[in-house]
Amino acid sequence: MKQLNGGNVYRPTGKEKNLQAILNIHRHVIQNISPVTITAGKTLDIKIDNQSHILLITKGAIKVCRRIDSIVMGCGVSPMILGLVDAYADLYQLEENSDVFFIAETTCEYYPVPVKDFVEIADEKHLWRDISNILMYRIAFMTNRDRNLIGQDAYSQIKALLLELWSYPESSRFEINAQNFIQQRTGLSRSRIMQV
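In the working numbering, the protein residues as written are 7 to 202.
Next up, the structure:
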């Protein structure tokens, strides 16, 4: 974790996530699948024709929103893989509906892979170590996010989110409104954000 101005800043866009694991999965799974391109603000759905999918994101930035109130719980930039937790629930017939949904923050390109096909390829190509690395990163990310946002004052929340936004690639940063970025993740009013 990198220290900036005396505080912990979690950089979810590169240093810690295992790019090699993600790219290895992309390389083995994307073959013979057509990409889908969507514009900023559109929803990425892991359910296609009533079937769960894993989404392999190759371009763009997304945000993860809580279904009950649309609060942004996290975000990320390509390359990434979405739907692993929901795939587990689907495979083992746990809860049917996901607690989250995904929205493109920038133009995104992704490859939807049916969960059953993804699992077969993961077995055949021995990709489970890479998958576990990705899931461990998610747990570390969520732990740090909670540490920076839960129980913190408005200034600390805004600072943490601005530093997170700053860690995005420049091309993605220019497409994201900082005030909306903060408001969607904290529930703070526009006037409170501007006051800080």
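Ideal Cβ placement from N, Cα and C applies to all residues, glycine included.
Note that the coordinates shown come from a computational prediction; the quantities given were computed from them, not determined experimentally.
Buried or exposed by the 16-neighbour rule on C-beta atoms within 10 Å, applied to Glu126: exposed
Val78, enclosing beta strand (DSSP E) - first and last residue: 78 to 83
Beta-carbon gap between His32 and Val121 smaller than 8 angstroms: no
Delimiting residues of the alpha helix (DSSP H) encompassing Ile109: It is not in any alpha helix (DSSP H) - Ile109 instead sits in the beta strand (DSSP E) that spans 106 to 110.
Contacting residues, own chain, Cβ-Cβ under 7 angstroms from Val35 (five flanking each side not counted): Leu62, Val119, Phe124, Ile127
Per-residue burial, Gly193 [other beta carbons within 10 Å of its own, 16 or more giving buried]: exposed
Environment of Tyr94 [buried if 16+ CB atoms lie within 10 Å]: exposed
Beta-carbon gap between Gly66 and Ser84 smaller than 8 angstroms: yes
Beta bridge counterpart(s) of Ile60 as assigned by DSSP: Val119
Reduced DSSP category for Leu90 - H, G, I as helix; E, B as strand; rest coil: helix
Boundaries of the alpha helix (DSSP H) in which Thr192 is found, first to last residue: 184 to 192
Whole-angstrom distance between Arg73 and Met79, CA atom to CA atom: 10 angstroms
Contact under 8 angstroms by Cβ, Glu181 with Ala46: yes
Those residues which DSSP pairs with Ala67 across a bridge: Val83
Burial state of Asp92, where buried means 16 or more other Cβ atoms lie within 10 Å: buried
Chain-order list of residues whose beta-carbon lies under 7 angstroms from that of Ile164 (same chain, five-residue window excluded): Ile188, Ile199, Val202
Run of the beta strand (DSSP E) containing Ile36, from where it starts to where it stops: No beta strand (DSSP E) contains Ile36, which DSSP labels as neither H nor E.
CB contact check: Leu141 to chain D, cutoff 8 angstroms: Of the protein chains in this structure there is only one, and it is not chain D.
Length of the line joining the Cα atoms of Asn186 and Thr64: 24 angstroms
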